[in-house]
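To keep things clear, I will list the structure first and then write my remarks on it.
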Amino acid sequence: AASGFVLSEPVRLTLGKERAARLDWGADETGRMVPRIIRSGAAVEVLPLPDATWYLDAETGEIGLLKLAQTPQQIAQLLSMPPLREIDVPAVSEVLRELVPDLPAPTISRLRTLKATLVPLLLLGTSENTYMGRFRGYGFGSQVRDYAAVNFRYGEAVLSPDHPGEFVTLKNGETVRVKRDTQQEQRLIASLHRYGLEEMPYFGRSGVAGDQKVYGLESEKAWPSFMQHDIPLLKAAGWEVVNPQGFRHHVLEVEAWVGEFDEQEDGWFSLNMGIVVNGQRVALAPLLHELFKVDPRWLDALMLAKMKDNEAIELYLPDGGRVKVPAERIKPLARTLIELFDGKAGSEEIRLSRYDVARIDALSNMDRWEFKGADALTSLAERLRNTSGIQAVQAPEGFALELRHYQLEGLAWLQYLREQNLAGILADDMGLGKTAQALAHLLLEKQMGRMDRPSLIVLPTSLIFNWKSEAKRFAPQLKVLSLHGKERAVYFPLIAQHDVILTTYPLLWRDEEALLEHDYHLLILDEAQTVKNVSSQAAQVVRRLNARHRLCLTGTPLENHLGELWAQFDFLLPGMLGDARGFTKTWRTPIEKHGNTLRRDLLAQRVKPFIMRRRKEDVATELPPKTQIIRTVELEGGQRDLYETVRIAMDQRLREEIAEKGFARSHIIILDALLKLRQVCCDPRLLKLASAKKVKERAKLDLLMEMLPELVGEGRRILVFSQFTSMLELIETELVQAQLRYVKLTGDTQNREEVVRRFQEGEVPIFLISLKAGGVGLNLTAADTVIHYDPWWNPAVENQATDRAHRLGQTKNVFVYKLVVAGSIEEKILALQEKKADLAAGILSEDSAGLTKFNEADIAALLAPLPTGEEDS
Numbered sequence: 037a038a039s040g041f042v043l044s045e046p047v048r049l050t051l052g053k054e055r056a057a058r059l060d061w062g063a064d065e066t067g068r069m070v071p072r073i074i075r076s077g078a079a080v081e082v083l084p085l086p087d088a089t090w091y092l093d094a095e096t097g098e099i100g101l102l103k104l105a106q107t108p109q110q111i112a113q114l115l116s117m118p119p120l121r122e123i124d125v126p127a128v129s130e131v132l133r134e135l136v137p138d139l140p141a142p143t144i145s146r147l148r149t150l151k152a153t154l155v156p157l158l159l160l161g162t163s164e165n166t167y168m169g170r171f172r173g174y175g176f177g178s179q180v181r182d183y184a185a186v187n188f189r190y191g192e193a194v195l196s197p198d199h200p201g202e203f204v205t206l207k208n209g210e211t212v213r214v215k216r217d218t219q220q221e222q223r224l225i226a227s228l229h230r231y232g233l234e235e236m237p238y239f240g241r242s243g244v245a246g247d248q249k250v251y252g253l254e255s256e257k258a259w260p261s262f263m264q265h266d267i268p269l270l271k272a273a274g275w276e277v278v279n280p281q282g283f284r285h286h287v288l289e290v291e292a293w294v295g296e297f298d299e300q301e302d303g304w305f306s307l308n309m310g311i312v313v314n315g316q317r318v319a320l321a322p323l324l325h326e327l328f329k330v331d332p333r334w335l336d337a338l339m340l341a342k343m344k345d346n347e348a349i350e351l352y353l354p355d356g357g358r359v360k361v362p363a364e365r366i367k368p369l370a371r372t373l374i375e376l377f378d379g380k381a382g383s384e385e386i387r388l389s390r391y392d393v394a395r396i397d398a399l400s401n402m403d404r405w406e407f408k409g410a411d412a413l414t415s416l417a418e419r420l421r422n423t424s425g426i427q428a429v430q431a432p433e434g435f436a437l438e439l440r441h442y443q444l445e446g447l448a449w450l451q452y453l454r455e456q457n458l459a460g461i462l463a464d465d466m467g468l469g470k471t472a473q474a475l476a477h478l479l480l481e482k483q484m485g486r487m488d489r490p491s492l493i494v495l496p497t498s499l500i501f502n503w504k505s506e507a508k509r510f511a512p513q514l515k516v517l518s519l520h521g522k523e524r525a526v527y528f529p530l531i532a533q534h535d536v537i538l539t540t541y542p543l544l545w546r547d548e549e550a551l552l553e554h555d556y557h558l559l560i561l562d563e564a565q566t567v568k569n570v571s572s573q574a575a576q577v578v579r580r581l582n583a584r585h586r587l588c589l590t591g592t593p594l595e596n597h598l599g600e601l602w603a604q605f606d607f608l609l610p611g612m613l614g615d616a617r618g619f620t621k622t623w624r625t626p627i628e629k630h631g632n633t634l635r636r637d638l639l640a641q642r643v644k645p646f647i648m649r650r651r652k653e654d655v656a657t658e659l660p661p662k663t664q665i666i667r668t669v670e671l672e673g674g675q676r677d678l679y680e681t682v683r684i685a686m687d688q689r690l691r692e693e694i695a696e697k698g699f700a701r702s703h704i705i706i707l708d709a710l711l712k713l714r715q716v717c718c719d720p721r722l723l724k725l726a727s728a729k730k731v732k733e734r735a736k737l738d739l740l741m742e743m744l745p746e747l748v749g750e751g752r753r754i755l756v757f758s759q760f761t762s763m764l765e766l767i768e769t770e771l772v773q774a775q776l777r778y779v780k781l782t783g784d785t786q787n788r789e790e791v792v793r794r795f796q797e798g799e800v801p802i803f804l805i806s807l808k809a810g811g812v813g814l815n816l817t818a819a820d821t822v823i824h825y826d827p828w829w830n831p832a833v834e835n836q837a838t839d840r841a842h843r844l845g846q847t848k849n850v851f852v853y854k855l856v857v858a859g860s861i862e863e864k865i866l867a868l869q870e871k872k873a874d875l876a877a878g879i880l881s882e883d884s885a886g887l888t889k890f891n892e893a894d895i896a897a898l899l900a901p902l903p904t905g906e907e908d909s
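Counting in my numbering, the sequence shown runs without a single skipped number right up to 909 at its last residue.
Set out below in structure tokens:
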């Protein structure tokens, strides 16, 4: 207590090493001479005991021995002797020279005189829970108090206002004479009341020696305003303000905002962010984590938007200090670094994928930040952010389809992803030509010499013939190998000899061993949402395939939940969206269950550079008023066998009929044969045969039920036409199971106006219509998509049905789909439409006169067997 050394809380002490010190003379506050122990360290206190002289270092928590020339007994006696007046110095010096020869003789003339400018110091503090009488707005009782004390500094010397005389002992033990300006000291103390400070009654307090006067404000509530408004005024008036860590309103200044990117071995980057306070770097992530945990506004997009940019936000430092920063400095971080919300309280670093360019770009553009190691990342972010600057490309030489403007942009984007070694999702609406853009991309890669290994395309079974036919039509230069059918293993040795390999999701895991033997240039997943179940065998196999570049094609990258989007990015850019569990916690639950728009916007921002999506209405100027699209599908298994059985039987019967009656009189048998084959193509259940009822495969219906959910998800309004009302009933059953809303119009419909109204007014998205009942006389301008389930061979009749939607009053582009079984009677007569439209109309009408325009060769071609080849080169 005599030393004035105060500990506000218990300190664990450890034994320190022996330290050197020496005994010398100094002056007390009256100028008289007293022995002093000169030691290093301002926080070191001396404990002179009879057996040894000890030191106590409060900064290091050490206690240890002091090594001096004198014995402990001599030191104890010298430190207890009374102060020497100047007149006593000669006599005492003579005696001490004999008793303590190592002690220098005292002399007044050795004291330095400080002539320094007066600097007032305001020391702010918070007391422990102590008793105090009534003071201004404070009541009686024990409580924690905030206060201010005053000291004056003259150069090296710091003294209190009530310090007697002009002699001051410095921290190192040296005594100096100070030329004080006591009048100015009193004026400075008197000025404190202008800032609301008044002298407080005495109470026990740490850090203030003896009964030094302290000052307080009107009440506890006055301190925040005092810190914000009056402290700057005091500083302007020449005061230095000292904020110790224990002061409750201790607020430090942020000197700099810094961040470092560090590339790790796994291709990821760690981001360490910090603030510089008092020259020391403090990790920022833990501070923000605590802020977001106690202030829910940071987790709500609407509340965050309403938060004023100049609102002062307090961050609590690990050592007990605080900083206040404007909200505008933290808002970009809250919007960008979602990991701060995920509960990792102790983490100081944030892991970022190099593909996470949207966030990197946002971070690099924050004002007043200094980032190191981000040059390569921000360069990539800048390139992807400026997608409008992607270099335009021309369609590959010999590509047989004239690509529209938006398709050329898609081709340029695919080329850019390949150039940057990135991956992405081409997510154009159905009907905008994703397959054509992908084929152009593949052909361009081949022509530029980059495709030195095959590319693999994985797709649903229903699309394999569509890919084969479009590749043959648009890019015949590509050597295409279809690994499909029971005999596909025969073609495994030919994989390396082809440019493009086609396989299907159901066959992927069965052929895994053969496919994994090769490395691929480009791996494309068509209808990529098929791999949304990451535990499925197909999803696991595609992740094991080795390819330079990866691409997804889908009109619906997100159908039911965000997990589907994660699954596709886990294939394209593994790790970019974290693991499945972390993605659910960070994104799915807040967005899907809590409707968190901030998380939704952040996720959209993150994936945007890797998704190109054009909707039909976005590219309307590039499209003609009506776009016709042919979707082909292959018959499989029992349905294929049934088709061949019926074809062979009808071919034999027809030959016998023609031989007996002649070709001109055999038209009824011809119509019956073609009708039965068309029914097999539509659905085996349309045939009135017991064997047909046992067939489980229905390729065209499966294709339709793949298309309809996607089209409905895009907001399309759809007309589905069929000649067979029984087929509409089968479709109706599937729609009920898929929970897709619809209306139906056949010859049996009584309330035609009501079903039309429900569709036109948007109550249902799907309208099932029989050609005979609804092919004419309806105005269905709400529709923008027409599907001809079983193509009507008379183009005029088919166009009449299409014109239910494509007519005056229609403001949207209309897309017309024809579903055709590859290699079947449907595909062959569809080809005849272009060459012999009048003949095709005649043969499928009840006007037998049309038959005279056919010959036996035409009928033989129509009844030819389904193709069996697996390879298109």
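Where a beta carbon is used, it is the ideal one built from N, C-alpha and C, also for glycine.
N-terminal and C-terminal residue of the beta strand (DSSP E) that residue i is part of
| i | result |
| --- | --- |
| F188 | 182-190 |
| N821 | The sequence shown places Thr at residue 821, rather than the Asn named in the question. From DSSP, the beta strand (DSSP E) with T821 extends over 821-824. |
Short Cβ contact (8 Å threshold) for residue i with residue j
| i | j | result |
| --- | --- | --- |
| Y251 | E276 | no |
| L517 | H477 | no |
| I754 | P801 | yes |
| E548 | V577 | yes |
| A507 | L475 | yes |
| A837 | F757 | yes |
Alpha-carbon spacing of residue i relative to residue j, whole angstroms
| i | j | result |
| --- | --- | --- |
| E210 | L159 | 24 Å |
| A127 | P197 | 35 Å |
| T28 | T590 | Given that the chain is displayed from residue 37 to residue 909, the structure contains no residue 28 and the question cannot be resolved. |
| Y442 | L462 | 12 Å |
| L120 | W61 | 10 Å |
| L855 | R579 | 32 Å |
| F188 | V155 | 6 Å |
| D687 | A459 | 51 Å |
| A105 | V82 | 15 Å |
| E693 | L713 | 18 Å |
| A911 | R333 | Because residue 911 is not part of the residues shown, which for the chain are 37 to 909, the question remains open. |
| A819 | G798 | 10 Å |
| V194 | V204 | 8 Å |
| A245 | Y183 | Summary for A245: the model assigns pLDDT 47, below 50, so the residue's position carries little reliability, and this model does not support an answer. |
| P610 | Y556 | 18 Å |
For residue i, the three-state DSSP class (helix, strand or coil)
| i | result |
| --- | --- |
| D60 | strand |
| V494 | strand |
| H229 | helix |
| S806 | strand |
| S163 | coil |
| Y541 | helix |
| M69 | strand |
| Y352 | strand |
| F760 | coil |
| M743 | helix |
| R651 | coil |
Unbroken alpha helix (DSSP H) run spanning residue i, endpoints
| i | result |
| --- | --- |
| D637 | 633-643 |
| A507 | 500-510 |
| F328 | 321-330 |
Residue nearest to residue i in terms of C-alpha spacing, selected from the options
| i | options | result |
| --- | --- | --- |
| N346 | L671, V359, L335, E364 | E364 |
| S306 | I665, F297, D738 | F297 |
| A709 | L581, K729, A685 | A685 |
| D87 | I531, P108, R72 | P108 |
| A112 | Q106, V125, P84 | P84 |
| P648 | L866, L444, G201 | It should be noted that the sequence gives Met, not Pro, for residue 648. Nearest C-alpha to M648: L444. |
| Q664 | V822, E862, L638, E770 | V822 |
CB contact below 8 Å: residue i versus chain B
| i | result |
| --- | --- |
| L253 | Annotation note: the requested chain B is absent from the structure, which comprises a single protein chain. |
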